[in-house]
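K.L.:
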Amino acid sequence: MIYAGSPDEMGMKLHVAKDAQCNDFDLTPIETTQIARDGITLPQFFKSDTVWVSPGYRVDLMVKMPAEKQTLCLVGRRPNDLTGSVIAIVDVDPAAGDPTEVNLPNEAEVTALAPPTSWEAIVDGQKTTVSCDTVKTVHQKLVLLVPTPGSQPPDLTGDVSLMSCDPAQNPHEIDPDAPICLCPDPNISCRRFDDRRLRGYRSDRVAVAGTSERWEIRAFDGHPFHIHINPFLVCPNNSNKEPNFAHFRDTMWVQVEDGARDILTHFKTYTGQFVLHCHKLNHEDEGMMELVEICAPDDLECQCQGTDANGNCISQGGCKEDDLQCEFAKTATDAYPLPPAPNPALCGP
Ligand SMILES: [Cu+2]
5 MIYAGSPDEM GMKLHVAKDA QCNDFDLTPI ETTQIARDGI TLPQFFKSDT
55 VWVSPGYRVD LMVKMPAEKQ TLCLVGRRPN DLTGSVIAIV DVDPAAGDPT
105 EVNLPNEAEV TALAPPTSWE AIVDGQKTTV SCDTVKTVHQ KLVLLVPTPG
155 SQPPDLTGDV SLMSCDPAQN PHEIDPDAPI CLCPDPNISC RRFDDRRLRG
205 YRSDRVAVAG TSERWEIRAF DGHPFHIHIN PFLVCPNNSN KEPNFAHFRD
255 TMWVQVEDGA RDILTHFKTY TGQFVLHCHK LNHEDEGMME LVEICAPDDL
305 ECQCQGTDAN GNCISQGGCK EDDLQCEFAK TATDAYPLPP APNPALCGP
């Protein structure tokens with residue numbers, strides 16, 4: 005099942021119909037067995053009566069039909085449609101073909117196809133066996149959407165001018181006499197894609213081929229985090245909607261109620277640029293996207309694209325010397341979920 009809709013999350017359940025048009029159905033749903041996410045086999049089955057999806061999701065699942073001749077109703081529920089709508093009618097009819105299987109495939113046979121959840125890679129300069137248990141240091145922290153607490157989002161319609169902490173430069177300042185820093189809305193880590201390009205940053209996040217990193221990802225409300233090229237390992241979590249054991253995927257729902265979601269990256273051999281973004285296309289199009297760059301291990305010029313006032317590489321999260329907005333974005337991201345500490349040098353008192 006591929007969810008190409010936008011912008012809402014949806015929970016889907018399969019119900020046994022009481023009539024051919026699914027005007028009425030049994031309220032108890034049928035169990036489904038998820039075997040892959042984003043085309044990558046899961047290391048164990050995930051059984052659930054709800055297939056929960058967010059924009060950009062792909063779920064492979066198996067269903068054992070309860071009877072040879074029956075109609076099933078696929079019902080989808082969204083935040084604005086809690087009673088649900090029938091989105092597909094499934095007819096099971098022996099006249100349509102010969103049954104080939106009575107039971108679902110064996111779990112061990114299917115999960116044997118899953119990629120291993122630990123591997124060898126360079127971490128912090130050392131060759132390491134990487135797993136959610138062995139790599140605990142958080143190398144990069146991402147927050148999806150960080151509005152400044154108590155502020156109204158600025159009106160950015162039709163205007164891609166730079167956000168700024170300097171009221172003289174900031175056309176979106178709400179009150180020129182009380183300057184405050186604002187995060188553009190939407191954003192990733194208080195930064196917006198086109199602002200960063202206009203300010204001349206070649207990329208937003210740099211990593212080295214052959215390495216792995218642990219990333220901590222949070223959301224102010226809820227967003228499907230999506231990254232291109234290399235799938236990432238989702239570490240065990242407390243989700244009751246999705247597989248909560250370590251598994252690979254390339255799109256992951258992150259919501260405020262769950263706190264941080266940790267992933268392990270594995271930058272294998274590809275060098276070059278690609279994007280990570282929220283998979284809600286309206287958010288992505290408004291700037292909730294980053295440019296990621298993978299450099300070869302010996303390409304130091306790629307790894308360090310100039311230095312900031314303290315000698316730190318700009319490409320490793322540093323800011324250009326006069327870029328107060330970038331400094332504020334770092335402070336806000338590091339502090340999250342708390343508000344950033346007031347800093348008159350950046351934002352006024
Ligand atoms: Cu989003």
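In short: position in the sequence shown from 1, add 4, done, that's this note's numbering.
We put the CB at the ideal spot given by N, CA and C, even for glycine.
Determine the direct distance from the alpha carbon of residue 60 to that of residue 246, and round the result to whole angstroms.
P.N.:
Position 242 of the sequence shown, counted from the first residue, corresponds to residue 246. Position 56 of the sequence shown, counted from the first residue, corresponds to residue 60. Rounded to whole angstroms, residue 246 to residue 60 spans 15 Å at the Cα level.
K.L.:
If you reduce the DSSP assignment to three classes, tell me which class residue 287 lands in.
P.N.:
Numbered from 1 along the sequence shown, position 283 holds the residue referred to as residue 287. Helix.
K.L.:
Does ligand 1 have a heavy atom nearer than 7 Å to the CB of residue 227?
P.N.:
In the sequence shown, counting from the first residue as 1, residue 227 sits at position 223. At least one heavy atom of ligand 1 is nearer than 7 Å to the Cβ of residue 227, so yes.
K.L.:
Check residue 168 in the structure and name its three-state DSSP category.
P.N.:
As a position in the sequence shown, residue 168 is number 164, starting the count at 1. Confidence at residue 168 is low in this model, with a pLDDT of 46, below 50, so its placement is unreliable and no value can be given for it.
K.L.:
Please classify residue 327: does DSSP put it in a helix, a strand, or coil?
P.N.:
Within the sequence shown, residue 327 is the residue found at index 323, counting from 1. Residue state, collapsed to three classes: coil.
K.L.:
Nearest-angstrom Cα distance between residue 335 and residue 300?
P.N.:
Your numbering for residue 335 matches position 331 in the sequence shown. Your numbering for residue 300 matches position 296 in the sequence shown. In a straight line, the C-alpha of residue 335 is about 29 Å away from that of residue 300.
K.L.:
In terms of DSSP beta bridges, what is residue 297 paired with?
P.N.:
As a first step, residue 297 must be located in the sequence shown, where it is residue number 293. Its beta-bridge partners are 210 and 277.
K.L.:
Tell me the rounded alpha-carbon separation between residue 81 and residue 145.
P.N.:
Within the sequence shown, residue 81 is the residue found at index 77, counting from 1. Within the sequence shown, residue 145 is the residue found at index 141, counting from 1. Cα to Cα, the separation comes out at about 32 Å.
K.L.:
Just verifying my parser: in three-state terms, what is the DSSP assignment at residue 203?
P.N.:
One-based indexing of the sequence shown puts residue 203 at position 199. Note: residue 203 maps to coil in three-state DSSP.
K.L.:
Do residue 311 and residue 322 have their beta-carbon atoms positioned less than 8 Å apart in this structure?
P.N.:
Within the sequence shown, numbered from 1, the residue matching residue 322 stands at position 318. Within the sequence shown, numbered from 1, the residue matching residue 311 stands at position 307. The answer is yes: Cβ separation under 8 Å.
K.L.:
Taking C-alpha atoms, which residue in 190, 332, 268 and 240 lies nearest to residue 294?
P.N.:
In the sequence shown, the residue the question calls residue 294 occupies position 290. Looking at the Cα atoms, 190 is the closest of the given residues.
K.L.:
Using a Cβ-Cβ cut-off of 6 Å (strictly less than) and excluding sequence neighbours within five positions of residue 22, which residues of its own chain qualify?
P.N.:
In the sequence shown, residue 22 corresponds to position 18, counting from 1. Hits under 6 Å: 28 and 29.
K.L.:
How many Å lie between residue 120 and residue 329 at the Cα?
P.N.:
Counted from its first residue, the sequence shown places residue 120 at position 116. Counted from its first residue, the sequence shown places residue 329 at position 325. Looking at the two C-alpha atoms, the distance is approximately 41 Å.
K.L.:
Going by C-alpha distance, which of 264, 280 and 274 is nearest residue 232?
P.N.:
Working through the sequence shown from its first residue, we reach residue 232 at position 228. Looking at the Cα atoms, 280 is the closest of the given residues.
K.L.:
Within the present structure, is the beta-carbon of residue 282 separated from the nearest heavy atom of ligand 1 by less than 7 Å?
P.N.:
Residue mapping note: residue 282 aligns to position 278 of the sequence shown, counting from 1. Result yes, Cβ under 7 Å from ligand 1.
K.L.:
Buried or exposed: which applies to residue 315, given that a residue is buried once 16 or more other Cβ atoms fall within 10 Å of its Cβ?
P.N.:
As a working mapping, residue 315 is identified with position 311 in the sequence shown. When all chains shown are included, residue 315 counts as exposed.
K.L.:
When every heavy atom of ligand 1 is checked, does at least one fall within less than 7 Å of the C-beta of residue 372?
P.N.:
This structure cannot speak to residue 372, because the chain is shown only from 5 to 353.
K.L.:
Might you give, ordered along the chain, the residues of its own chain that have their beta carbon closer than 7 Å to the beta carbon of residue 17, omitting 5 neighbours on each side?
P.N.:
Mapped onto the sequence shown, residue 17 falls at position 13. 33, 53, 54 and 79.
K.L.:
Is the separation between the beta-carbon of residue 320 and that of residue 297 shorter than 8 Å?
P.N.:
Reading the sequence shown from its first residue, position 316 is the one you call residue 320. Reading the sequence shown from its first residue, position 293 is the one you call residue 297. Going by C-beta atoms, residue 320 is not nearer than 8 Å to residue 297.
K.L.:
To the nearest angstrom, report how far apart residue 342 and residue 92 are at their CA atoms.
P.N.:
Mapped onto the sequence shown, residue 342 falls at position 338. Mapped onto the sequence shown, residue 92 falls at position 88. About 44 Å.
K.L.:
In chain order, what residues of the same chain have a beta carbon less than 6 Å from the beta carbon of residue 49, not counting five sequence neighbours either side?
P.N.:
Taking the sequence shown and counting its residues from 1, the one referred to as residue 49 is at position 45. Cβ within range, chain order: 37 and 111.
K.L.:
Can you name the residues that DSSP bridges to residue 53?
P.N.:
Residue numbering aside, residue 53 sits at position 49 when the sequence shown is read from its first letter. Per DSSP, none; premise fails for residue 53.
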